[in-house]
Every structure is written in structure tokens, then in C-alpha cells.
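Encoded as C-alpha cells, the structure appears first; notes follow it.
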Amino acid sequence: QVQLQESGPGLVKPSETLSLTCTVSGGSISSYYWNWIRQPAGKGLEWIGRIYTSGSTNYNPSLKSRVTMSVDTSKNQFSLKLNSVTAADTAVYYCARLSGHSGWYPFDYWGQGTLVTVSS
Amino acid sequence: QSVLTQPPSVSGAPGQRVTISCTGSSSNIGAGYDVHWYQQLPGTAPKLLIYGNSNRPSGVPDRFSGSKSGTSASLAITGLQAEDEADYYCQSYDSSLSEGVFGGGTNLTVL
């Protein structure tokens, strides 16, 4: 059974960089697209971006200028960096696996989510 | 403003049947892209409930079913139970955005 676990600071100051890591266990990280999705309190889901195990990325156009994703296959981990954060970036951040090789496939495995608050 | 439109809330009594709609356009659902549904119980991560319009992952009760027609899709829940109280999200792909998109979510209340 594939499991995903997010980790990283729960509090980030405005204008700084949010950094999160997702560790994949119970299966190989290879040959899948790995995603970050966020959810502000009481609101819906927003796709942030995805990375393939080759390092190829696709980002949400609305966040593209601030997002960087990376993957470390030796550690079965992938990461998210979101720079110049504001209070609007406060949300629960989920990592998730795309079940296929295109954006029209569903997300079949999700992490439990981690709350990141942007505040001074 | 979500690309896929869902009603903010629906409700039903135990044992009843409820449906949740997901309305898109000719660049997503109407273009033939599959619709997937997720269930998010309070305080938990979303869970894949229906994929490919009408398919249930292993372990999902057959009380949950999905359908698609034209530019819309629907999730039906029969024999409503208290444990079904959750938020439900639809997801599809939009060719004009070249990315997957979510609906705004529907909160289901079991009366």
C-alpha cells in the first residue's frame, strides 16, 4: 500500500519561502507524476503542480512564477518550494500521486496533509 | 471561481438518495474528458471515490455511483448513512487550461 507523508515547517514568515517534502513509502517513486495540492481553510482544492521522476514539471499558471518542485528518487521523496509567500498562501498542503501519465487521470494516493500558516 | 460548478451543499435523510452535480463546458467534461470524484471526511485528506466517470476503486461501497452526460456529471449516493457526511469534489481535465481542474466542492449533510 503506497503511503505519502508531508513534512516541513508549519509556520513561514511573509515574503519568505515555503518548503515542504513528501516521502513516499510502500512503493517506488519511479514512473509516476507526483503532485502538490493545497486547500485554504473552508475552501476548495487548488492544484499547485506536478513532477515526474525524470524531473519534468508542470505548474499551475497562477503560481508558476513562485513554484519550484524537485525529486530525489534515491530517497523516494519530492519537494515543493513556494517563494514570496503571503497570508493567501496559508493552507493545508497535500502531496498526491497521479495514477496515470496525463493530467486527466485521477489522484489515487494522498498524504494526510500539513497545515502551513504564513504569519510574522 | 471554479471551472467546474458544484452546488455548495446538499442534504438528505438516512436511507435516502442524493445526487451531486458537476457542470463543466465544452473544453472539459463536454470535450469527453473523464470525471473523477473525491470524498473528504472532516479533517482528513480527499479520497478517490469514483474514477473514469463511473468506476469505483476497491473498497468503495456500491452505494456510490457516477455518471456523465454532455457537459455535466453526477455523483449519486443511495441508502444515505451518517458516515457519508463529507465534502465531495469533482475533477476533470480542461483543454483550454491544459491542466486538471477541480469543482468547488459540495458539502453533504445527513439530516
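Which chain is which? The protein sequence lines are A and B, in order. Residue numbering for the first sequence follows the numbering used here, beginning at 181 and increasing consecutively. Residue numbering for the second sequence follows the numbering used here, beginning at -5 and increasing consecutively. All C-beta atoms in this analysis are idealised placements derived from N, C-alpha and C, irrespective of residue type, glycine included.
Residue i in three-state terms, based on DSSP
i	result
R230/A	strand
A39/B	coil
E77/B	helix
I165/A	This structure leaves residue 165/A out entirely; chain A is present only between 181 and 300.
G24/B	helix
Per-residue contacts from residue i into chain E (C-beta, under 7 Å)
i	result
Q183/A	Absent from the structure is chain E; the protein chains it does hold are A and B.
Contacts of residue i in chain B (Cβ-Cβ under 9 Å)
i	result
Y274/A	A39 and P40
P194/A	Residues of chain B passing the Cβ test: none, with the nearest at roughly 26 Å.
L200/A	Result: empty, since nearest Cβ-Cβ is about 14 Å, beyond 9 Å.
Residues of its chain near residue i, where Cβ-Cβ distance is below 8 Å and the 5 sequence neighbours each way are ignored
i	result
S236/A	none
I209/A	T233, V251, T253, N256, Q257 and F258
F287/A	N215, I217, A276, R277, L278 and S279
Partner residues on chain A for residue i, Cβ-Cβ distance less than 7 Å
i	result
Y45/B	P286
S21/B	Those do not exist, as S21/B stays about 12 Å from chain A at its closest Cβ, beyond 7 Å.
Listed by chain order, chain A residues near residue i by CB distance under 9 Å
i	result
G106/B	Residue 106/B lies beyond the range of chain B shown here (-5 to 105); nothing can be said about it.
Y83/B	G224 and L225
G6/B	Neighbours of G6/B on chain A: none; closest Cβ ~22 Å, over 9 Å.
S(-4)/B	G224
Per DSSP, the bridge partner or partners of residue i
i	result
Y274/A	I217/A
S5/B	T103/B
S245/A	BP columns for S245/A are empty, so no partner.
W290/A	A276/A
L200/A	L260/A
W31/B	I44/B and C84/B
V12/B	I71/B
D56/B	According to DSSP, D56/B bridges with nothing at all.
Sequence-distant residues of its chain with Cβ nearer than 6 Å to residue i (five each side left out)
i	result
V(-3)/B	D88 and V95
Y285/A	L278 and S279
D28/B	G46 and N47
W227/A	I217 and N240
Sequence-distant residues of the same chain with beta carbon closer than 7 Å to residue i, five excluded per side
i	result
D78/B	I71, L102 and V104
T266/A	P194 and V298
W290/A	L184, Y274 and A276
Closer than 8 Å at the beta carbon, the chain A residues around residue i
i	result
G98/B	G224
S52/B	Going along chain A, no residue has its Cβ under 8 Å from S52/B, so there is no contact; the nearest lies around 11 Å.
Where residue i meets chain B, residues with beta-carbon distance less than 7 Å
i	result
G293/A	A39
Partners in chain B for residue i, counting only beta-carbon separations shorter than 8 Å
i	result
G283/A	Y87, S92, E93 and G94
When Cβ atoms are compared, which residues of the stretch 57 to 87 of chain B fall closer than 8 Å to chain A? Identification of residues in the stretch 57 to 87 of chain B having a C-beta nearer than 8 Å to some C-beta of chain A yields Y83, Q85, S86 and Y87, given in sequence order.
For the stretch 204 to 221 of chain A, which residues have a CB atom closer than 7 Å to at least one CB atom of chain B, in sequence order? The stretch 204 to 221 of chain A vs chain B, Cβ under 7 Å: nothing.
Of the residues that make up the stretch 236 to 255 of chain A, which ones have a beta carbon closer than 8 Å to any beta carbon in chain B? Residues of the stretch 236 to 255 of chain A with a C-beta less than 8 Å from any C-beta of chain B: N238, N240 and P241, listed in chain order.
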